[in-house]
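Residue numbers (numbering that gives the first Met the number 0), protein chains in the order written: chain A, 0 to 306; chain B, 0 to 306. Glycine included, C-beta positions come from ideal geometry on N, C-alpha and C. Step one of this worksheet: look at the structure below.
2 protein chains.
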Amino acid sequence: MAAGCVHLSGSLCSQFLASVDALLFDCDGVLWKGESAIPGAVQLINRLQERGKRVFFLTNNSTKSRQMYGEKLRGLGFQAGPEQVFGTAPCAALYLRHESELRGSVYLIGGAALRGELQAQGIACSGSGPGPELTPGPGPTQVWAAEPLDPAVGAVLVGFDEHFTYLKLCRAARYLRNPACIFLATNTDTLLPLEGGGIPGTGCLVKAVEAAANRTAHVIGKPSVYMFECLVKEHSIDPSRTVMVGDRLDTDILMGSNCGLRTILTLTGVSSLEEAKAHQESDSSDRHKLVPSYYVDSVADLLPTLD
Amino acid sequence: MAAGCVHLSGSLCSQFLASVDALLFDCDGVLWKGESAIPGAVQLINRLQERGKRVFFLTNNSTKSRQMYGEKLRGLGFQAGPEQVFGTAPCAALYLRHESELRGSVYLIGGAALRGELQAQGIACSGSGPGPELTPGPGPTQVWAAEPLDPAVGAVLVGFDEHFTYLKLCRAARYLRNPACIFLATNTDTLLPLEGGGIPGTGCLVKAVEAAANRTAHVIGKPSVYMFECLVKEHSIDPSRTVMVGDRLDTDILMGSNCGLRTILTLTGVSSLEEAKAHQESDSSDRHKLVPSYYVDSVADLLPTLD
Numbered sequence: 000m001a002a003g004c005v006h007l008s009g010s011l012c013s014q015f016l017a018s019v020d021a022l023l024f025d026c027d028g029v030l031w032k033g034e035s036a037i038p039g040a041v042q043l044i045n046r047l048q049e050r051g052k053r054v055f056f057l058t059n060n061s062t063k064s065r066q067m068y069g070e071k072l073r074g075l076g077f078q079a080g081p082e083q084v085f086g087t088a089p090c091a092a093l094y095l096r097h098e099s100e101l102r103g104s105v106y107l108i109g110g111a112a113l114r115g116e117l118q119a120q121g122i123a124c125s126g127s128g129p130g131p132e133l134t135p136g137p138g139p140t141q142v143w144a145a146e147p148l149d150p151a152v153g154a155v156l157v158g159f160d161e162h163f164t165y166l167k168l169c170r171a172a173r174y175l176r177n178p179a180c181i182f183l184a185t186n187t188d189t190l191l192p193l194e195g196g197g198i199p200g201t202g203c204l205v206k207a208v209e210a211a212a213n214r215t216a217h218v219i220g221k222p223s224v225y226m227f228e229c230l231v232k233e234h235s236i237d238p239s240r241t242v243m244v245g246d247r248l249d250t251d252i253l254m255g256s257n258c259g260l261r262t263i264l265t266l267t268g269v270s271s272l273e274e275a276k277a278h279q280e281s282d283s284s285d286r287h288k289l290v291p292s293y294y295v296d297s298v299a300d301l302l303p304t305l306d
Numbered sequence: 000m001a002a003g004c005v006h007l008s009g010s011l012c013s014q015f016l017a018s019v020d021a022l023l024f025d026c027d028g029v030l031w032k033g034e035s036a037i038p039g040a041v042q043l044i045n046r047l048q049e050r051g052k053r054v055f056f057l058t059n060n061s062t063k064s065r066q067m068y069g070e071k072l073r074g075l076g077f078q079a080g081p082e083q084v085f086g087t088a089p090c091a092a093l094y095l096r097h098e099s100e101l102r103g104s105v106y107l108i109g110g111a112a113l114r115g116e117l118q119a120q121g122i123a124c125s126g127s128g129p130g131p132e133l134t135p136g137p138g139p140t141q142v143w144a145a146e147p148l149d150p151a152v153g154a155v156l157v158g159f160d161e162h163f164t165y166l167k168l169c170r171a172a173r174y175l176r177n178p179a180c181i182f183l184a185t186n187t188d189t190l191l192p193l194e195g196g197g198i199p200g201t202g203c204l205v206k207a208v209e210a211a212a213n214r215t216a217h218v219i220g221k222p223s224v225y226m227f228e229c230l231v232k233e234h235s236i237d238p239s240r241t242v243m244v245g246d247r248l249d250t251d252i253l254m255g256s257n258c259g260l261r262t263i264l265t266l267t268g269v270s271s272l273e274e275a276k277a278h279q280e281s282d283s284s285d286r287h288k289l290v291p292s293y294y295v296d297s298v299a300d301l302l303p304t305l306d
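Below is the structure:
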């Protein structure tokens, strides 16, 4: 049985907060669901900063640019700016600009935020937004198999796309038949938690493209350590005095483990305490990486200690 | 090393054909690609029947009804009728009618042929065809998460759908949150071979829905034995004197193994001889089921023996 998964409350909570300088928060399912803040989350984030803690936001959600996240945070009452936000949209663009050997443009399955972040890094892209109408008449599939591809495309990037269609899947797969074409995904979350139970996440689209291309995407989002590396490059933080707070074991908690951070699971989102305990009781060292150091019912549970 | 994977030619081919009464053919990549017959395939099918062999067509492709397959076969010059065709569209409808405990209607990701075969079995369905327009304005995702669902829906069926969209994925996943909702897929092929290299198959859409629903679909098509069972119910054939001919190891050849049939891999479609040899040389008994008894470069290689 692995260590960890301790309920964080009372005096333990005070001791713990004294031992951290920086707190990294996932957003969906942790600080808000859709357009509603989790009760107490706004007060917590603001109080933490008043007490001198540094707060950052690490989100796999690719539907917003840094600027848009800054606006959403302020709109909900969080005292925070875009420089505190690390999302998969800006980090995917940074990766393509600085870490990949991209020549040419990007075929994008994704929305306006991703397109904007790519353009901000000087990277041209096509594919975003509603696709063209389907070719009418019988046998359009024959046309799609032979449709001319843009020779400038050097990468396929898959993020959240509410305009995802079969035709986009078809194009992405055909670009990816060229082994030199880079294959990047913002994240692999299969659920986007919202009021009303949530909707399919980017991970579902990634699965479809991976199956069609018979290739595996390189993933920017948690549990990959890349977003944490971007954060460390911009802001000097001490990992031994940093905690990652999230609602998903397989992304937030695993990334924290991968980066050598302490972790807190909050139970307002996707993963349950039962799942965490099952990982803890397993014999697999891989599954032990999914065990949070601590858990809380909601991030609001950290508030009383700060008063 | 497993037995099998023998090149079928010359006198071996004559002996082999003398030992079979019935031949089951996959279609895409075996008899045709898109709208063009594989050279020699028409002559082979017609000659086999002239020599008293029984010929059947077992296809995972869900885009055609039995009637439409009959028309396609005749249009390309094959002397064959719809009663010889077993496709996943009619077999999925038969399964829902006779093998499942379906109450109510079907939410269908699929085309007109599937819709028609369901209706022919007296099963109502919704969802097929181009989806509704996306809700305009910001935050449509909130609307989709709370959109009213049809309480009559008792099953989700996923087949090939060129009109597949994110919104369809969202609806299917929300129906499947009810554990009593039946989850059926026509097939899991990830590539539909066509002139020009092929396009993503139904399996890519199934992967997306499975990920979104966090459930595994029950599959009608090969390698499942269900279509073979449907065939045996309508036509009495002797499995020991029957051969399955296909281009995919993981569907056609595996189904043949699962049904105790001899098998022939033809190299005009998806799988390669190298893949077959790799399965043959492995130590895994599961992988040995993917080894064909014989292989040919094309089904036309069986023709000279019949002259």
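Whole-angstrom distance between residue j and residue i, CA atom to CA atom
{"i": "Gln48 of chain B", "j": "Val54 of chain B", "result": "7 Å"}
{"i": "Arg50 of chain B", "j": "Trp31 of chain B", "result": "22 Å"}
{"i": "Val298 of chain A", "j": "Ala151 of chain B", "result": "39 Å"}
{"i": "Leu117 of chain A", "j": "Ala91 of chain A", "result": "8 Å"}
{"i": "Glu146 of chain B", "j": "Leu107 of chain B", "result": "17 Å"}
{"i": "Thr87 of chain B", "j": "Gly158 of chain B", "result": "9 Å"}
{"i": "Leu156 of chain A", "j": "Ala111 of chain B", "result": "32 Å"}
{"i": "Phe182 of chain B", "j": "Phe15 of chain A", "result": "46 Å"}
{"i": "Lys167 of chain B", "j": "Gly197 of chain A", "result": "15 Å"}
{"i": "Ala119 of chain A", "j": "Leu23 of chain A", "result": "25 Å"}
{"i": "Phe77 of chain A", "j": "Glu228 of chain A", "result": "24 Å"}
{"i": "Pro137 of chain A", "j": "His162 of chain B", "result": "Note on Pro137 of chain A: pLDDT 48, under 50, position unreliable in the model; no value is reported."}
{"i": "Pro81 of chain B", "j": "Thr265 of chain A", "result": "58 Å"}
{"i": "Pro178 of chain A", "j": "Asn213 of chain A", "result": "11 Å"}
{"i": "Leu230 of chain B", "j": "Pro199 of chain A", "result": "38 Å"}
{"i": "Ser256 of chain A", "j": "Leu248 of chain A", "result": "10 Å"}
{"i": "Pro135 of chain A", "j": "Pro129 of chain B", "result": "Note that Pro135 of chain A scores a pLDDT of 43, beneath 50, so its modelled location is shaky; the value from the coordinates is reported in the next line. If I take the Cα positions, the gap works out to 12 Å."}
{"i": "Gly9 of chain A", "j": "Cys169 of chain B", "result": "41 Å"}
{"i": "Gln83 of chain B", "j": "Gln66 of chain B", "result": "10 Å"}
{"i": "Leu11 of chain B", "j": "Val5 of chain B", "result": "10 Å"}
{"i": "Lys52 of chain B", "j": "Ala40 of chain B", "result": "15 Å"}
{"i": "Asn45 of chain A", "j": "Cys180 of chain A", "result": "44 Å"}
{"i": "Gly300 of chain B", "j": "Ser281 of chain B", "result": "Here the sequence assigns Asp to residue 300 of chain B, which means Gly is not the residue at that position. One C-alpha to the other measures close to 28 Å."}
{"i": "Leu93 of chain B", "j": "Leu7 of chain A", "result": "55 Å"}
{"i": "Arg102 of chain A", "j": "Ser125 of chain A", "result": "15 Å"}
{"i": "Ala144 of chain A", "j": "Ile37 of chain A", "result": "47 Å"}
Under 8 Å between C-beta atoms of residue i and residue j
{"i": "Gly69 of chain A", "j": "Thr267 of chain A", "result": "no"}
{"i": "Ala210 of chain A", "j": "Gly245 of chain B", "result": "no"}
{"i": "Asp20 of chain B", "j": "Asp237 of chain B", "result": "yes"}
{"i": "Leu95 of chain B", "j": "Ala154 of chain B", "result": "yes"}
{"i": "Val208 of chain A", "j": "Ala172 of chain A", "result": "yes"}
{"i": "Tyr293 of chain B", "j": "Leu272 of chain B", "result": "no"}
{"i": "Leu204 of chain B", "j": "Tyr174 of chain B", "result": "no"}
{"i": "Pro192 of chain A", "j": "Ile252 of chain A", "result": "no"}
{"i": "Ser13 of chain B", "j": "Thr241 of chain B", "result": "no"}
{"i": "Pro222 of chain A", "j": "Met243 of chain A", "result": "no"}
{"i": "Leu113 of chain A", "j": "Phe85 of chain A", "result": "no"}
{"i": "Asn59 of chain A", "j": "Thr189 of chain A", "result": "no"}
{"i": "Gly109 of chain A", "j": "Ser61 of chain A", "result": "yes"}
{"i": "Asp160 of chain B", "j": "Tyr165 of chain A", "result": "yes"}
{"i": "Leu75 of chain A", "j": "Leu302 of chain A", "result": "no"}
{"i": "Gly33 of chain A", "j": "Glu194 of chain A", "result": "yes"}
{"i": "Lys206 of chain A", "j": "Lys71 of chain B", "result": "no"}
{"i": "Ala123 of chain A", "j": "Ser99 of chain A", "result": "no"}
Residue i - partner residues in DSSP beta bridges
{"i": "Leu22 of chain B", "result": "B:Val54 and B:Val242"}
{"i": "Val295 of chain B", "result": "B:Thr265"}
{"i": "Ala36 of chain B", "result": "B:Trp31"}
{"i": "Val5 of chain B", "result": "B:Tyr293"}
{"i": "Val142 of chain A", "result": "Beta-bridge pairing links Val142 of chain A to no other residue."}
{"i": "His217 of chain B", "result": "B:Leu183"}
What alpha helix (DSSP H) runs, 4 residues minimum, are completely inside the segment 229-284 of chain A?
-> 253-257 and 272-280
Taking the runs of the alpha helix (DSSP H) that are 4 residues or longer, which of them lie wholly in the segment 150-202 of chain A?
-> 165-175
For the segment 212-219 of chain A and the segment 174-189 of chain A, state whether three or more C-beta atom pairs, one from each stretch, are separated by less than 8 Å.
-> yes
For the segment 70-124 of chain A, which segments carrying the alpha helix (DSSP H) assignment without a break, of at least 4 residues, lie completely within its bounds, in sequence order?
-> 87-93 and 111-119
Inspect the CB distances between the segment 241-261 of chain B and the segment 272-291 of chain A and report whether three or more fall short of 8 Å.
-> no
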